[in-house]
Amino acid sequence: RLVLIDAFARAAELKATHIVNIATLTGAVVRALGQAYAGIMGNSQPLIDAVIKSGINHGENYWQLPLPEEYKELLKTPYADINNVGGPYGGAITAGLFLQEFIPENTAWA
154 RLVLIDAFAR AAELKATHIV NIATLTGAVV RALGQAYAGI MGNSQPLIDA
204 VIKSGINHGE NYWQLPLPEE YKELLKTPYA DINNVGGPYG GAITAGLFLQ
254 EFIPENTAWA
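Counting the sequence shown from 1 gives a position; my numbering is that position plus 153.
Structural data, given as structure tokens:
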């Protein structure tokens with residue numbers, strides 16, 4: 154996750170308008186969806202839809218996961234601005250919420 158944040162910072166320097174990051178992040182999404190689907194989340198529904206459509210056209214299955222604001226509570230810690238591990242529940246979602254904190258402003262992300 155920390156390496157991805159460096160990549161997001163570089164994308165900001167390059168003034169990228171879109172970021173598509175593909176990463177395992179956590180085994181939680183595999184436990185939730187199995188091996189036939191990849192989880193997808195982001196801040197841009199049109200970009201998410203484009204990735205899902207591309208997957209359909211190429212035999213890849215995606216399932217959109219939510220990024221609910223209330224799960225951000227799981228990332229709070231007294232030791233840092235944000236914790237990069239949210240605890241035992243909702244691991245895929247908290248991983249996405251953590252990454253979302255570092256997406257450059259006005260950048261579509263999936």
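Cβ coordinates follow ideal geometry from the N, Cα and C atoms, glycine included. The structure displayed is predicted, hence computed values, not measured ones.
- If you compare the alpha carbons of L186, A191 and N236 with that of Q253, the shortest gap goes to N236.
- Pairing A181 with A245 gives a Cβ-Cβ distance under 8 Å.
- Going by DSSP, I193 is part of no alpha helix (DSSP H) but of the beta strand (DSSP E) stretching over A191 to I193.
- Taking P219 as the centre and dropping the five residues before and after it, the same chain places the C-beta of I246 closer than 7 Å to its C-beta, in chain order.
- For Q217, the enclosing beta strand (DSSP E) begins and ends at Y215 to Q217.
- P257 is not a Cβ neighbour of A191, given a cutoff of 8 Å.
- Classified as buried, V204 has 16 or more neighbouring CB atoms from the shown chains inside 10 Å of its CB.
- Spanning the alpha carbons of L250 and P241 requires a straight line of approximately 15 Å.
- Here the alpha carbons of E166 and A248 stand approximately 23 Å from one another.
- The C-beta separation of I193 from Y224 comes to about 17 Å, leaving the pair out of contact by the 8 Å criterion.
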